[in-house]
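Notes follow once the structure below has been shown.
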Amino acid sequence: MGMLNTLSKGTNYDAISTGGIDAIDTFTFRHEALPVDVEGKVFVSEALGMSGGILSLNSLAPHTSMPFHHVHIEHEEIYIFMGGQGEFMVDDNRFEVTTGSVVRVAPEGVRCWRNTSNSPLYYAVLQVKAGSETVKNTIEDGRGVNRPVAW
């Protein structure tokens with residue numbers, strides 16, 4: 000069974016590790032609302048101390064599919080594919096995903112995906128409340144700090 004390791008922790012940050020992208024395969028997610036355990040899934044939000052979203056790291060075994068379609072009540076999801084190849088479906092639309100693909104799905108979008116390759120499909124899922132005001136440009140939110148960069 001996988002384990003999250005703390006790399007460092009401070010007042011304004013938390014850093015953890017799964018032990019490598021392929022170590023995601025060793026995690027199992029259990030929840031009373033699900034009829035089966037979900038292999039290759041770990042929620043890292045709590046370990047990171049996140050206060051504005053939910054983040055999971057995931058692995059889907061070769062030639063397998065999510066076992067169900069689903070929607071959300073409030074959360075839109077952003078899927079970031081980090082390895083492998085698959086097919087994603089939202090409502091009645093299907094399209095290929097591969098390393099570097101990023102997909103956003105609105106809460107009401109009926110979603111499902113599958114791995115179409117001989118290798119694991121690795122991806123991260125970020126859930127955020129839909130409709131919350133977001134900054135359109137990171138420059139608007141970021142502020143420079145008068146501190147020289149020295150390593």
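Sequential numbering from 0 applies to the sequence shown in numbering that gives the first Met the number 0. No residue lacks a Cβ here, since even glycine has one placed at the ideal position from N, Cα and C.
* To do: Output the distance between the C-alpha atoms of Thr27 and Arg142, rounded to the nearest integer angstrom.
  => The alpha-carbon separation between Thr27 and Arg142 amounts to approximately 39 Å.
* **Complete runs of the alpha helix (DSSP H) confined to the stretch 56 to 142 [at least 4 residues]** => Look at the stretch 56 to 142 and you find these whole runs of alpha helix (DSSP H), each 4 residues long or longer: 137 to 140.
* If you draw a straight line from the C-alpha of Gln126 to the C-alpha of Pro119, how long is it? -> Straight-line Cα distance between these residues: approximately 22 Å.
* **Buried or exposed by the 16-neighbour rule on C-beta atoms within 10 Å, applied to Phe42** => That one is buried.
* Asked: Excluding the five sequence neighbours on either side, which residues of its own chain have a C-beta within less than 8 Å of the C-beta of Thr97, listed in chain order?
  -> Leaving aside the five residues that flank Thr97 on each side, the residues in its chain whose CB is nearer than 8 Å to its CB run, in chain order, Phe80, Gly83, Gln84, Gly85.
* **Contacting residues, own chain, Cβ-Cβ under 6 Å from Ser64 (five flanking each side not counted)** => Shown here for Ser64: same chain residues with a beta carbon closer than 6 Å to its own, the five before and five after excluded, namely Arg113 in chain order.
* Asked: Do Val109 and Val124 have their C-beta atoms closer together than 8 Å?
  -> No, the Cβ-Cβ distance between Val109 and Val124 is not below 8 Å.
* Asked: With Gly1 and Ala22 assumed to form a contact (beta carbons below 8 Å), what rounded beta-carbon distance in angstroms separates them?
  -> The C-beta separation of Gly1 from Ala22 comes to about 6 Å, placing the pair in contact by the 8 Å criterion.
* Asked: Would you say Glu45 and Ala129 are within 8 Å of each other, going by their C-beta atoms?
  -> Between Glu45 and Ala129, the C-beta spacing is not below 8 Å.
* Do you know how far the Cα of Gly48 is from the Cα of Leu6? -> Answer to the nearest angstrom: the Cα atoms are 14 Å apart.
* Asked: Does the beta-carbon distance from Ser58 to Tyr121 come in below 8 Å?
  -> Yes. Within cutoff.
* Ser16 versus Pro61: straight-line alpha-carbon distance, rounded -> Their backbone Cα atoms lie some 24 Å apart in a straight line.
* Cα-Cα, which of Ala105, Thr10, Ser100 is closest to Glu170? -> As displayed, the chain neither begins before 0 nor continues past 150, which places residue 170 out of reach and without an answer.
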